[in-house]
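K.L.:
Residue numbers (our numbering): 4 to 701.
We put the beta carbon where it would ideally sit given N, CA and C, even for glycine.
Structure representation (structure tokens):
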């Protein structure tokens, strides 16, 4: 009998070698292989939509290509770009007025399209195409719907990303592989010397990072692949190089197209931090490549404090004012960048106009850390500040062109409090192709859009907000049984909005909504890409934790399932813990019961196809009120939240104890390991890409 078993086992092994890929059931294959819904990009003049078709999954041959992991990057040495990207494989133009479709001719064969951008006037679309030999640059003439190749595959997207349009809508700034670059360096058979790291007479707590430089050979690889030559190229193919090659981390043309803001990395490199913390020269050059103004030469940033909210010293977030032809803005820390030290003033915002000979002008001094700046005009900009420890968020009105005018507080709240979020300002593209505040009523109002979180779930909205009275007028709110999300306003008066509308049964599609009379006009007609689970049952449920905190999650059950008739199911829960300073905020409902469930290989509801029930996103709040830190009672709160979720699905009769599994990604994997260790609630767990050493987490 033992011999018979061994023979049978040998036969099975011969039929299915252990090193071959295996496929699941056909229903799962069909769902995973279904093509994603196309992406949508609107032209600056709101005349055209560009549909970006995407493949379902990359082939194994692509995943098997060589990959470099250096300086916090994952690179493809074959293409001189990032690895593991998600390119598009088709483009289609649709006119918004009459829905006329134009298939774009001249596209490359088997395209791998990335970095898709409209020119400021909407007459051209640029994109890169990745081939076996590298990354090329293409452009589509919107009027003729024809694509042309502007330059062969010599684009370098290792650090700085793809090409950027200049204001004239005919010129792009690009980063190229240097013509003089030779073959890639080879690892020496014998190291030139030891790798030495020193820490002399000081403590320097540091965060941990992936894929750092390890030795001198890694340094040479980073320098080789990251070095790029800046250039301009026109839609007619005229190429002009700008300056000398360098390790270009970023480049941004000024709104008027006269200058380029360039960030260039230089030695010494580091084995402790990724490339973004390497020494960095920030300067302005003109379109002939001549240096115009040095903003800063920032040192290596190995010793930035680890406290949340800590930042490097010196100018940071250097960028162009979107509403001015050529005015720089940036932020500088006033507290040494250390969020762990008390300070009344934390940050200061500066601006400096071309030709950059006058001293930088202080615009606003803040008691918290700058969270963002939104430009509108010399009369209006919004500057937000936040503080992680208290979850405090403030937004200020400032007048950038009026020296001596004080700021005015617009909003102040806890950013954990989703129910009282007033929304974010809606933007428009100006004549220079830059996004600025959309300000109707001669600059006296804003349009605000938000998720509309409530006890009923998320109900997105659009408001008109009067800057004088600080009162809002509701123009739109998503109504059951649909989830309707504003994308952007199509006119400056705020009558027409582009929205993305879906329901439990209807996949997301784009519509134009008339905000005055509520009329809808459908623009896209994307079908359900995975009809295999049509009729699945979906419910946003709420339930209490033992300490009174209200929890929520989305319960999925298979089509046609009836708990009384069919009995309890095996259940999968997939979660990610979140930290809160307030029990009230932790109790707020997250999500919407009316969203369409798009199935893919990463979707937790995919388990329905195998006969499981699913509780997706059960909230796992870890609360540290007052001076308490959330991790002081991490395990206790985590187990209590998980127990409440299990109790609820058992109470409903859709699951039974002993047949519930738990899973999560990253911090969710850490959660999974702790729940399997510290409770008997779950029979199995999936811990995906976890970070388990949390000993330095406050």
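Roughly how many angstroms lie between the CA atoms of residue 521 and residue 124, to the nearest whole one?
P.N.:
Distance between the alpha carbons of residue 521 and residue 124 is about 30 Å.
K.L.:
Tell me, please, which residues DSSP counts as bridged to residue 98.
P.N.:
According to DSSP, residue 98 bridges with 51.
K.L.:
With distances taken Cα to Cα, identify the nearest neighbour of residue 367 among 629, 396 and 408.
P.N.:
Of 629, 396 and 408, the residue nearest in Cα terms is 408.
K.L.:
I'd like the span of the beta strand (DSSP E) that includes residue 373, first residue to last.
P.N.:
Unbroken beta strand (DSSP E) run through residue 373: 372-380.
K.L.:
Taking the C-alpha atoms as reference points, what is the distance between residue 372 and residue 342?
P.N.:
So the two alpha carbons sit approximately 9 Å from each other.
K.L.:
In its own chain, which residues sit with a C-beta less than 8 Å from the C-beta of residue 92, not counting the 5 before and 5 after it?
P.N.:
Closer than 8 Å at Cβ, skipping near neighbours: 56, 57, 58, 113, 114, 115 and 116.
K.L.:
To which residues of the same chain is residue 524 closer than 7 Å at the C-beta, ignoring the five residues directly before and after it?
P.N.:
Cβ neighbours of residue 524 beyond the five flanking positions: 514 and 515.
K.L.:
Measure how close the beta-carbons of residue 600 and residue 562 come, nearest whole angstrom, since I'm counting them as under 8 Å.
P.N.:
Their Cβ separation, rounded to whole angstroms, is 12 Å, which puts residue 600 and residue 562 out of contact at 8 Å.
K.L.:
Since residue 225 is in the alpha helix (DSSP H), which residue starts that stretch and which ends it?
P.N.:
From DSSP, the alpha helix (DSSP H) with residue 225 extends over 219-229.
K.L.:
Please look up how many angstroms separate the CB atoms of residue 153 and residue 63, rounded, as I've assumed it's under 8 Å.
P.N.:
About 32 Å; that fails the 8 Å criterion.
K.L.:
Residue 150 and residue 84: beta carbons closer than 7 Å?
P.N.:
Contact flag unset, no.
K.L.:
Can you tell me which of the three DSSP states residue 391 falls into?
P.N.:
If DSSP states are grouped into helix, strand and coil, residue 391 belongs with coil.
K.L.:
Along the beta strand (DSSP E) that carries residue 157, what are the first and last residues, could you check?
P.N.:
Counting along the chain, residue 157 falls outside any beta strand (DSSP E), and DSSP gives it neither H nor E.
K.L.:
Are three or more beta carbon pairs between the stretch 617-627 and the stretch 585-598 nearer than 8 Å?
P.N.:
The answer is yes - the stretch 585-598 touches the stretch 617-627, with three or more Cβ pairs under 8 Å.
K.L.:
Could you give the distance in angstroms between the alpha-carbon of residue 244 and the alpha-carbon of residue 180?
P.N.:
Approximately 12 Å, taken between the alpha carbons.
K.L.:
Please return the same chain residues whose Cβ sits closer than 7 Å to the Cβ of residue 15, not counting the five positions on each side in sequence.
P.N.:
Low per-residue confidence applies at residue 15: pLDDT is 38, beneath 50, and the placement is therefore not dependable enough to give any value.
K.L.:
Nearest to residue 636 by CA position, among 597, 658, 681 and 660, is which residue?
P.N.:
Closest option to residue 636, Cα to Cα, is 681.
K.L.:
With 16 as the cutoff for other CB atoms within 10 Å, does residue 610 come out buried or exposed?
P.N.:
Classification for residue 610: buried.
K.L.:
Determine the burial state of residue 253: buried for a count of at least 16 other Cβ atoms within 10 Å of its Cβ, exposed for fewer.
P.N.:
Buried is the call here.
K.L.:
Compute the Euclidean distance between the alpha carbons of residue 661 and residue 652, then round it to the nearest angstrom.
P.N.:
Straight-line Cα distance between these residues: approximately 12 Å.
K.L.:
How about residue 442: is its C-beta nearer than 7 Å to some C-beta of chain B?
P.N.:
In the displayed structure, chain B is absent; only one protein chain is listed.
K.L.:
Going by beta carbon distance, what residues of the same chain come within less than 6 Å of residue 133, once the five residues before and after it are set aside?
P.N.:
Hits under 6 Å: 82 and 115.
K.L.:
Where residue 103 and residue 508 are concerned, what is the direct C-alpha to C-alpha distance, given to the nearest angstrom?
P.N.:
Going from the Cα of residue 103 to the Cα of residue 508 covers about 27 Å.
K.L.:
Based on DSSP bridge pairs, tell me the residues matched to residue 80.
P.N.:
DSSP, once it has assigned bridges, lists no residue as partnering residue 80.
K.L.:
Runs of 4 residues minimum, wholly inside the stretch 225-292: which ones carry the alpha helix (DSSP H) assignment?
P.N.:
The qualifying runs do not exist here; there are none.
K.L.:
For the alpha helix (DSSP H) containing residue 443, list its first residue and its last residue.
P.N.:
Residues 443-446.
K.L.:
Residue 626 to residue 588, Cα distance in whole Å?
P.N.:
Computed Cα separation, rounded: 10 Å.
K.L.:
Hey, could you find the ends of the beta strand (DSSP E) residue 556 is sitting in?
P.N.:
Note, residue 556: beta strand (DSSP E), 553-560.
K.L.:
For the beta strand (DSSP E) that residue 45 lies in, which residues bound it at each end?
P.N.:
Residue 45 -> beta strand (DSSP E) spans 42-45.
K.L.:
Does the beta carbon of residue 53 fall short of 6 Å from some heavy atom of the ligand FMN?
P.N.:
No copy of the ligand FMN occurs in the structure displayed, which carries no ligand at all.
K.L.:
Pick out whichever of 648, 476, 285 and 290 has its Cα sitting closest to the Cα of residue 296.
P.N.:
Of the candidates 648, 476, 285 and 290, the one whose C-alpha sits nearest the C-alpha of residue 296 is 285.
K.L.:
Given a cut-off of 7 Å, decide if residue 664 and residue 566 are closer than it, judged by their beta-carbon atoms.
P.N.:
In this structure, residue 664 does not lie closer than 7 Å to residue 566 by Cβ.
K.L.:
Helix, strand or coil: which one does DSSP assign to residue 355?
P.N.:
DSSP places residue 355 in strand when its eight states are reduced to three.
K.L.:
For residue 433 and residue 168, I'd like the C-alpha separation in whole angstroms.
P.N.:
C-alpha separation (whole angstroms): 14 Å.
K.L.:
Mind pulling the beta strand (DSSP E) runs of 3 or more residues that sit fully within the stretch 469-538?
P.N.:
Listed in chain order, the complete beta strand (DSSP E) runs (minimum 3 residues) inside the stretch 469-538 are 475-480, 485-492, 499-506, 512-517 and 523-525.
K.L.:
Once DSSP output is grouped into helix, strand and coil, what is the label at residue 545?
P.N.:
The answer is strand: DSSP assigns residue 545 an E or B state.
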